[in-house]
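Enquirer: Next up is a structure, given as structure tokens.
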Amino acid sequence: MLSLIIKDFLIQKRIAALGALYIIIMTIALQNSSEGVYPASIIMLTYILTQTACAYDDKNKTDILINSLPVKRYSVVLARYISVFFYAAFSSIVYYLVHLLFNAVSFPIKSPPITPPGILGAILALSLITGLYYPIFFKLGYTKGKFYNMVIFFMVFFGIGGVSNIVISRQNIAFIESLAGIVNSLPELFIGILIILVSMVILLISYTISLYYYKKRDF
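Residue numbering for the sequence shown follows numbering that gives the first Met the number 0, starting at 0 and increasing by one per position.
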């Protein structure tokens, strides 16, 4: 399983090397939203690495080769899911190095530090995106699933916009304030554990569906 994860990373080391540039672009683009710079940067770079790995395997029909080897299909599926967080860890390291660089040379551009809420937000978002995308990928493959991948992207994009509209809507101020009061009254540790548990449930359900589809595919 580890060899599959390393394989996916090595085949796109060129893109990984450009990770710092992606992070810098995101940092500049999100200067007006300092809270979201870290999670947005990590999600973006992780998404690029995940998609590139899937595209490469689909183009080179790597699954045919892998399934000719004594490798269990559950290992192939599980490696995909674990690789997402491997990419996220790599992206976090790149972000931290960029953050140190910005502070060392006193750039006018602010690079917010990595915070626990940012990490939890990135974990939840990546779990949701991964949970939606991989079942489609394992059922249809990368090329045939590109349309659905675009649908997922726009659903998430407009979904976030819809939530934002609800939050800023005057008619919902009382509801938002009461909800914020409930959340603020909860211990941070409890909220963190709850987010992690929700993320695990999403990934477990997604993994089960992906494995079911992958076992039924013929190579």
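Glycine included, each C-beta is placed from N, C-alpha and C at the ideal position.
Could you work out which residue in Thr142, Lys145, Leu127, Phe85 is closest to Met199 when comparing CA atoms only?
Expert: Leu127
Enquirer: May I have a chain-ordered list of the alpha helix (DSSP H) segments no shorter than 4 residues that lie completely inside the stretch 80-118?
Expert: none
Enquirer: If distances are taken between C-alpha atoms only, which option among Thr61, Gln30, Ile14 comes closest to Thr45?
Expert: Ranking Thr61, Gln30, Ile14 by CA distance to the CA of Thr45 puts Ile14 first.
Enquirer: Distance check for Ile113 and Leu99, CA to CA, integer angstroms please.
Expert: 11 Å
Enquirer: Going along the chain, which residues of its own chain have a beta-carbon closer than 6 Å to the beta-carbon of Pro234, five neighbours each way excluded?
Expert: Any question about residue 234 goes unanswered here, given that the chain covers just 0 to 218.
Enquirer: With DSSP collapsed to three states, give me the class of Lys214.
Expert: helix
Enquirer: Our contact map puts Tyr133 next to Ala54 with C-beta atoms below 8 Å; I'd like the distance itself, whole angstroms only.
Expert: Contact flag wrong, Cβ pair sits at about 14 Å.
Enquirer: How far does the alpha helix (DSSP H) with Pro69 in it extend, from its first residue to its last?
Expert: Run containing Pro69: none; DSSP gives neither H nor E here.
Enquirer: Taking buried to mean at least 16 other C-beta atoms within 10 Å of its own C-beta, is Thr207 buried or exposed?
Expert: exposed
Enquirer: Helix or strand or just coil, what does DSSP make of Gln30?
Expert: If DSSP states are grouped into helix, strand and coil, Gln30 belongs with coil.
Enquirer: With distance defined between alpha-carbon atoms, name the residue in Ile65, Asp57, Leu131, Ser90 nearest to Val150.
Expert: Leu131
Enquirer: Does the beta-carbon of Gln30 have 16 or more other beta-carbons within 10 angstroms, so that it is buried, or is it exposed?
Expert: Exposure of Gln30 is indicated by the presence of fewer than 16 other C-beta atoms within 10 angstroms of its C-beta.
Enquirer: Ignore the nearest five residues each way along the sequence and tell me which others in Ser205's own chain have a CB closer than 7 Å to its CB.
Expert: Thr129, Gly130, Tyr133, Pro134
Enquirer: Val162 to Gly35, Cα distance in whole Å?
Expert: In this prediction, Val162 has a pLDDT of 49, which is less than 50 and means its spatial position is unreliable; what the coordinates show is noted afterwards. Those two C-alpha atoms are separated by around 15 Å.
Enquirer: I'd like the span of the alpha helix (DSSP H) that includes Ile42, first residue to last.
Expert: 36-58
Enquirer: Pull up the distance between the alpha-carbon of Val104 and that of Leu64, whole angstroms please.
Expert: 48 Å
Enquirer: For a quick check, are the C-beta atoms of Ile22 and Val97 less than 8 Å apart?
Expert: yes
Enquirer: For Ile10, does the three-state DSSP call read helix, strand or coil?
Expert: Ile10: coil per DSSP, three-state reduction.
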